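Reading through the structure tokens given below for one structure.
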Amino acid sequence: MLRRYLVVLALWAPLAQAADWSGRVTAIEAMTVSRAVLFSLSGELKGASRCNEYGMYAIDLSAPGGEALFDLLMHAYIHDLEVEAESLNTCAVYWKAEGLKRLRLRKTP
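Residue numbers -18 to -1, 1 to 91, in mature numbering (1 follows the signal peptide of the UniProt record, and there is no 0), belong to the letters of the sequence shown in order.
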């Protein structure tokens, strides 16, 4: 029984892992159908969810912390700074982009 559990866990882990992305902000997009702001970064998007057809992350401005994430994103965009993004590994149907969990500003020398 334990062996079967470990096999299922090993197969599930890559599917449940959140995508990681880092780089400079290359695009920002807003839509009228939701309070979401989509963005992309210059680096390679790793481990994207299958529903992420746009290759972008989404910030839900109505979610807790959404405004703070957006402010940090805009600061990084205006000052051409690098950020690290972590996905919630969830997508909304009309976004076709992954929800953003965390955004970290990177200080580069």
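Each residue gets a CB set at the ideal place from its N, CA and C atoms; glycine is no exception.
Nothing here was measured: the structure is a model prediction, and the numbers come from that model.
* Curious, which full-length beta strand (DSSP E) runs of at least 3 residues does the stretch 13 to 60 contain? -> 18 to 23 and 39 to 42
* To do: Would you mind sorting M13 into buried or exposed? The rule is 16 or more other CB atoms within 10 Å of its CB.
  => exposed
* From residue 133 to K28, what does the alpha carbon distance come to, in whole angstroms? -> The question about residue 133 has no answer here: the residues shown for the chain are numbered -18 through 91.
* Asked: Between C33 and the rest of its own chain, which residues show a CB-CB distance below 6 Å, the 5 nearest in sequence each way excluded?
  -> C73
* From which residue to which residue does the beta strand (DSSP E) around K83 run? -> E80 to R88
* Reducing DSSP to helix, strand and coil, say where D2 ends up. => strand
* To do: Could you please give me the residues that DSSP links to A74 through a beta bridge?
  => Paired residues: none, contrary to the question.
* Can you tell me whether L51 is buried or exposed, with buried defined as 16 or more other CB within 10 angstroms of its CB? -> buried
* Asked: Nearest-angstrom Cα distance between E11 and D2?
  -> 20 Å
* Return the Cβ separation of L87 and L70 in integer angstroms, given the expectation that the two are a contact with Cβ distance under 8 Å. => Contact flag wrong, Cβ pair sits at about 19 Å.
* May I ask you to check if the CB of L55 is nearer than 7 Å to at least one heavy atom of the ligand ZN? => Ligands displayed in this structure: none; no statement on the ligand ZN is therefore possible.
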